[in-house]
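*Asks:* Sharing a structure, written as structure tokens. Questions coming.
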Amino acid sequence: MTAIDTPPRLDTAVRLDQLTKTYPNGPEQVAALRGVSLAVRPGAFTAIMGPSGSGKSTFLNVAAGLDTPTSGRVHIGDTDLTALSADAVTRFRRRNIGFVFQAYNLVGHLTVAENVQLPLLLDGRRPDPRWQDTLLESVGLAGMADRLPRELSGGQAQRVAIARALVTRPTVVFADEPTGALDRRTGDQVLDVLRGTAKQLGQTLVVVTHDPSVAVAADDVLFLADGLLAGGLVAPTTDQVVARLVELGR
Amino acid sequence: MWSFARSAVRANPASFAGSFLVVVAAAALLAANGVLMESGLRADAPMLTTVAGSFAGTAVLVVVLVVASTFAAALRRRTEQYALLRAVGATPAQVRSMVTAEVGLVFAVAAPVGAVPGLFAAHLFTPLLASGGIVPEGLDLVVTPLPVLGALALLFPTALLAARLVARSVTSVSPTAAVRGTAAEPAGLSAARRAWAVVLLVSGLLLAGTPFVLPGLLGSAAGATSAFLLISAAALAGPALVGAAARRAVDASRTSRHAATLLALLNSRGFARRLTTAIVPLALFLALGTVQTGVNGSIVDAAAAQLRTGVSADAVVTAPGSLTPEQVDAVTTTPGVEAVLATASVPAEVRTDPDDDLGGLAWEPSALTALSGDAAGLVDVGVTAGSLSDLTGPGTVAVSAESLFATGKGVGDTVDVRLGDSETSPTIVAVYDRGLGFGDYLVDAVALPEPVPAAALYVRGPADFAVAGLEVLTVDEYVDTTVSGAAAQQELGTVLLLVLIVFIAVAAANTLVMLTSARRPELALLRRVGATRRQLTAMVGVESAFVAGTALVLGTLAVLPALVGVAYGMLGTAVPAFDWSVYGALAAAVVLIATAATLVPTRLTTR
Numbered sequence: 000m001t002a003i004d005t006p007p008r009l010d011t012a013v014r015l016d017q018l019t020k021t022y023p024n025g026p027e028q029v030a031a032l033r034g035v036s037l038a039v040r041p042g043a044f045t046a047i048m049g050p051s052g053s054g055k056s057t058f059l060n061v062a063a064g065l066d067t068p069t070s071g072r073v074h075i076g077d078t079d080l081t082a083l084s085a086d087a088v089t090r091f092r093r094r095n096i097g098f099v100f101q102a103y104n105l106v107g108h109l110t111v112a113e114n115v116q117l118p119l120l121l122d123g124r125r126p127d128p129r130w131q132d133t134l135l136e137s138v139g140l141a142g143m144a145d146r147l148p149r150e151l152s153g154g155q156a157q158r159v160a161i162a163r164a165l166v167t168r169p170t171v172v173f174a175d176e177p178t179g180a181l182d183r184r185t186g187d188q189v190l191d192v193l194r195g196t197a198k199q200l201g202q203t204l205v206v207v208t209h210d211p212s213v214a215v216a217a218d219d220v221l222f223l224a225d226g227l228l229a230g231g232l233v234a235p236t237t238d239q240v241v242a243r244l245v246e247l248g249r
Numbered sequence: 000m001w002s003f004a005r006s007a008v009r010a011n012p013a014s015f016a017g018s019f020l021v022v023v024a025a026a027a028l029l030a031a032n033g034v035l036m037e038s039g040l041r042a043d044a045p046m047l048t049t050v051a052g053s054f055a056g057t058a059v060l061v062v063v064l065v066v067a068s069t070f071a072a073a074l075r076r077r078t079e080q081y082a083l084l085r086a087v088g089a090t091p092a093q094v095r096s097m098v099t100a101e102v103g104l105v106f107a108v109a110a111p112v113g114a115v116p117g118l119f120a121a122h123l124f125t126p127l128l129a130s131g132g133i134v135p136e137g138l139d140l141v142v143t144p145l146p147v148l149g150a151l152a153l154l155f156p157t158a159l160l161a162a163r164l165v166a167r168s169v170t171s172v173s174p175t176a177a178v179r180g181t182a183a184e185p186a187g188l189s190a191a192r193r194a195w196a197v198v199l200l201v202s203g204l205l206l207a208g209t210p211f212v213l214p215g216l217l218g219s220a221a222g223a224t225s226a227f228l229l230i231s232a233a234a235l236a237g238p239a240l241v242g243a244a245a246r247r248a249v250d251a252s253r254t255s256r257h258a259a260t261l262l263a264l265l266n267s268r269g270f271a272r273r274l275t276t277a278i279v280p281l282a283l284f285l286a287l288g289t290v291q292t293g294v295n296g297s298i299v300d301a302a303a304a305q306l307r308t309g310v311s312a313d314a315v316v317t318a319p320g321s322l323t324p325e326q327v328d329a330v331t332t333t334p335g336v337e338a339v340l341a342t343a344s345v346p347a348e349v350r351t352d353p354d355d356d357l358g359g360l361a362w363e364p365s366a367l368t369a370l371s372g373d374a375a376g377l378v379d380v381g382v383t384a385g386s387l388s389d390l391t392g393p394g395t396v397a398v399s400a401e402s403l404f405a406t407g408k409g410v411g412d413t414v415d416v417r418l419g420d421s422e423t424s425p426t427i428v429a430v431y432d433r434g435l436g437f438g439d440y441l442v443d444a445v446a447l448p449e450p451v452p453a454a455a456l457y458v459r460g461p462a463d464f465a466v467a468g469l470e471v472l473t474v475d476e477y478v479d480t481t482v483s484g485a486a487a488q489q490e491l492g493t494v495l496l497l498v499l500i501v502f503i504a505v506a507a508a509n510t511l512v513m514l515t516s517a518r519r520p521e522l523a524l525l526r527r528v529g530a531t532r533r534q535l536t537a538m539v540g541v542e543s544a545f546v547a548g549t550a551l552v553l554g555t556l557a558v559l560p561a562l563v564g565v566a567y568g569m570l571g572t573a574v575p576a577f578d579w580s581v582y583g584a585l586a587a588a589v590v591l592i593a594t595a596a597t598l599v600p601t602r603l604t605t606r
């Protein structure tokens, strides 16, 4: 067995060292991340906040292995993602990392159940029907397994995306504005599902959000500004978070 | 509206480049064909009119089907944008006129780019026309704007109709339903579409049966057309057929753990319409090539068979070119030769429409076979009425049963024949069956205004003798040379068929490239959910195998009735008249196009 197949169980679930990411923009280079270092302990719920264009989404994509950093290292457990080939990262990702995208990102012609099973299917594993039922029930979609995405509401679709991110029992779950397109009530439900399952399965949860009410639910809040970490709060209140954001937005 | 259309073209270059390419090719093809037809009519070269006219029949069917399918594929990927426009306040009428403007814009640019070179490309055929004896040496083709207008009048409404049908899925429902509906395809076919598919299927099968009722060339020509009706039926019923096949395959492989196969089948189930637009041109490609070569092959085989049974001479004498009267004398006076029948073929025109003077169209180019000598015991043309012994002197003619079909004429009636400038109306003295082998009209050589050198002598006597400068052949050898000569005469037809097949191949490949590159978001999503690049390539590979396989099955099923009918009508057997080498080459091309045109864009998209 290689390191890829061993579930990482160390004192850091996610460790980032001096991450930079630059994009070509015409003749110039735009730096989205300019040296971000961070360690997340297993089982923690971390929220990442920051003004628009601060590099939040880039940060999350690079940390989850969806994008490669220009320099720096990404460790998930004891696996160095930056040392793996693109296909090896993909295989590691679909076994150990769950990702909830900003938009719903369901495959339109696949049913709810098929969408949820996709990561297993791609990994050549047989879906466990009991686990699937448990998941769909815990995200409140029991009995909707055979619906098509267009027959779902926005909140329901986002909950399918959460079930898909959890179906492989990943050790780390990343979520990019999971409640961004939802109303308050649905957003709260979605967040509860995400947090509840993570707690139940002992998963590490990293969520990018601009919503202070999501951030206060987190153990830690980290702020990004101009591609750099700009401090953090432990078990914050809404007022603290808002004050900090206002400060960064100036 | 025009500025909207212009920016749509700018924003969707891939989708428009494909339609552009196909319109350019279609306009060039129709314009070149139009020049040939017009030149035939104006320059009074009836043979050219006939060849170009019969090609035009096939070409128009093919081009209409291909252009419609290309525009449908190009605009289907844009339904999302139209749905969005509906949502922000565009009325259905506005969406419709937007579609019209876009199609119009493509035509305004593409049609001249294709049609003008097409007008002049027709000249490339001139050497072939002259060498095939279809036009006199030195005939100049007539170039007028008419073929371009004709091509446009045909292509524009076709493209517009196809585009409007796609837009209808957006304009006929509420804006929200339109936006929601674009993520996946609607299930099922409309009742009208179902009905049309059934009508086309039934009429295709009936048409394929014509040769069983009406043997000979006419019946076979009608039977061959059935392939197009059946392909059109498949195009209409395609989504249902493809969807059903994919659903069955998905259920069968549910337990499979091969992700790429299962995903590919799930995609085929979900995008049956998309796949149909890819499958139909490929099936058409296979069907057209197979049916045309099969029919041509059957005609040549049937002619050969008629000659082989009809000629009972001991030897056939021919010469390069034709025989001089002295050579004919030399053969006749050869010791042991008991009887000689000389034949020659003279181009002539025969009036086919007695009532109406349609200019050049009432007279059909044909040929008279001039006989000199006694046919009895040398050739048997299969006389069914009258007698060849009455074929003496001017004013008599023997006619094949087929050329009299539906005219109601028989022995004792007259036909109008034009030889050069002289017009005559000889009386029919005999009707016979073997017109393919011996020609449709037999006359006594003395009936011709001026003597014609013999092309072949049928000889009773010794099977083996020698005369300087002449070839003495057995009947089988003679049949073989005649058959290969006939094949050479079909050269123009073959070249035109090849042009048409290449056109379909380009359009089919273009549709596949267009459909594959439109899947960028879907492929990107699968990559993010955890598909490796190799899995995506394998998935698309399975899909292209599904496309190629379905195209081969549909194409083959569509031509099968036609080829069975033609084989029965021409040869009296029920063994379908496949030209296996052509069929094999076309099938290989289908697989190649399906694979290359999907895998290359996929690799590029997922890089």
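As they're listed, the protein sequences go chains F and Z.
Mapping to numbering that gives the first Met the number 0: the first sequence position 176 is 175, numbers consecutive.
Mapping to numbering that gives the first Met the number 0: the second sequence position 67 is 66, numbers consecutive.
Heads up, the beta-carbon is just placed ideally off N, CA and C, and yes, glycines get one too.
1) Identify which residue in Z:Leu148, Z:Pro319, Z:Val558, Z:Thr69 has its Cα closest to the Cα of Gly468 (chain Z).
2) So with CB distances below 7 Å, who are the chain Z contacts of Asp182 (chain F)?
3) Note down, one range per segment and in chain order, each beta strand (DSSP E) of at least 3 residues found wholly within the segment 136-205 of chain F.
4) Mind checking who Thr423 (chain Z) pairs with in its DSSP beta bridge?
5) For the beta strand (DSSP E) that contains Phe222 (chain F), what are its first and last residues?
6) Spell out whether any CB of chain Z is found under 7 Å from the CB atom of Thr1 (chain F).
7) Is any beta-carbon of chain F found at less than 7 Å from that of Thr597 (chain Z)?
8) Enumerate, from N- to C-terminal direction, the unbroken alpha helix (DSSP H) stretches of 4 or more residues contained entirely within the segment 25-78 of chain F.
9) With 8 Å as the limit, tell me which residues of the segment 263-290 of chain Z have their beta carbon closer than that to any beta carbon of chain F; keep them in chain order.
10) Would you list, in chain order, the members of the segment 512-539 of chain Z that have their beta-carbon closer than 8 Å to a beta-carbon of chain F?
11) Near Asn60 (chain F), what residues of its chain come up, given a Cβ to Cβ distance below 6 Å and the 5 sequence neighbours on each side ignored?
12) For Asp86 (chain F), would you say it is in contact with chain Z, using Cβ-to-Cβ distances shorter than 7 Å as the test?
13) Applying the 10 Å Cβ sphere with the 16-neighbour rule, what's the burial state of Tyr440 (chain Z)?
14) Please report how far the alpha carbon of Asp373 (chain Z) lies from the alpha carbon of Ala384 (chain Z), in whole angstroms.
15) The alpha helix (DSSP H) spanning Arg247 (chain Z) covers which residue range?
16) Which same chain residues, not among the five before or five after Trp195 (chain Z), have their C-beta less than 6 Å away from its C-beta?
17) Hey, would you say Leu499 (chain Z) sits closer than 7 Å to Val339 (chain Z), going by beta carbons?
18) Work out the CA separation of Thr133 (chain F) and Gly231 (chain F) for me, nearest whole Å.
19) What residue from Z:Tyr81, Z:Ala89, Z:Val65 has the CA that sits closest to Val165 (chain Z)'s CA?
20) Figure out for me which residue from Z:Thr90, Z:Gly436, Z:Leu553, Z:Leu104 has the closest Cα to the Cα of Gln305 (chain Z).
21) For Ala258 (chain Z), return the contacting residues in chain F, with the cut-off set at a CB-CB distance below 7 Å.
22) Roughly how many whole angstroms lie between the Cα atoms of Ala400 (chain Z) and Gly222 (chain Z)?
23) Using a Cβ cut-off of 9 Å, which residues of the segment 62-76 of chain F contact any Cβ in chain Z, in chain order?
24) Are the beta-carbon atoms of Ala596 (chain Z) and Ala547 (chain Z) separated by less than 7 Å?
25) Answer with buried or exposed for Arg94 (chain F), where buried requires no fewer than 16 other C-beta atoms within 10 angstroms of its C-beta.
26) Kindly say whether His108 (chain F), judged by its beta-carbon, lies nearer than 7 Å to any beta-carbon of chain Z.
27) Determine the direct distance from the alpha carbon of Val111 (chain F) to that of Glu150 (chain F), and round the result to whole angstroms.
28) What is the C-beta distance between Val169 (chain Z) and Val94 (chain Z), in whole angstroms, given that I count them as a contact (C-beta under 8 Å)?
29) Report the neighbours of Leu261 (chain Z) on chain F: residues whose CB is nearer than 7 Å to its CB, in chain order.
30) If we define contact as Cβ-Cβ less than 7 Å, is Asn95 (chain F) a contact residue for chain Z?
31) With distances taken from CA atoms, which of Z:Ala508, Z:Ala314, Z:Val21, Z:Phe155 is nearest Phe464 (chain Z)?
32) Spatial neighbours of Arg278 (chain Z) within its chain, please: C-beta separation below 6 Å, excluding the five flanking residues on both sides.
33) Roughly how far, in whole angstroms, is the beta-carbon of Val62 (chain Z) from the beta-carbon of Leu29 (chain Z), given that I think they are within contact range, below 8 Å?
34) Secondary structure at Asp4 (chain F), three-state DSSP: helix, strand or coil?
35) Which of the three DSSP states is assigned to Glu608 (chain Z) in this structure?
36) Opposite Trp362 (chain Z) in the DSSP bridges: which residues?
*Replies:* On the basis of the supplied data:
1) Z:Pro319
2) Within 7 Å Cβ-Cβ: nothing; Asp182 (chain F) doesn't reach chain Z, min ~17 Å.
3) 171-175
4) Z:Val416
5) 219-224
6) Its pLDDT being 40, under 50, Thr1 (chain F) is placed unreliably in this model, and the value from its coordinates should be taken loosely. Judged by the 7 Å Cβ criterion, Thr1 (chain F) is not in contact with chain Z.
7) no
8) 55-62
9) Leu265, Asn266, Arg268, Gly269, Phe270
10) Glu521, Leu524, Leu525, Arg526, Arg527, Val528, Gly529, Ala530, Thr531, Arg532, Arg533, Gln534
11) Asp66
12) yes
13) buried
14) 18 Å
15) 216-251
16) Leu235
17) no
18) 35 Å
19) Z:Tyr81
20) Z:Gly436
21) Leu120, Leu121, Gly123
22) 19 Å
23) Leu65
24) no
25) buried
26) yes
27) 10 Å
28) 6 Å
29) Leu120
30) no
31) Z:Ala314
32) Here residue 278 (chain Z) turns out to be Ile, not Arg, going by the sequence shown. For Ile278 (chain Z), where only same-chain residues beyond five positions count, the Cβ hits under 6 Å are Val546, Thr549, Ala550.
33) 6 Å
34) Because Asp4 (chain F) carries a pLDDT of 46, less than 50, the predicted location of this residue cannot be relied on, and no value is offered for it.
35) Past the edges of chain Z, shown from 0 to 606, lies residue 608 (chain Z), and the structure says nothing about it.
36) Z:Arg350
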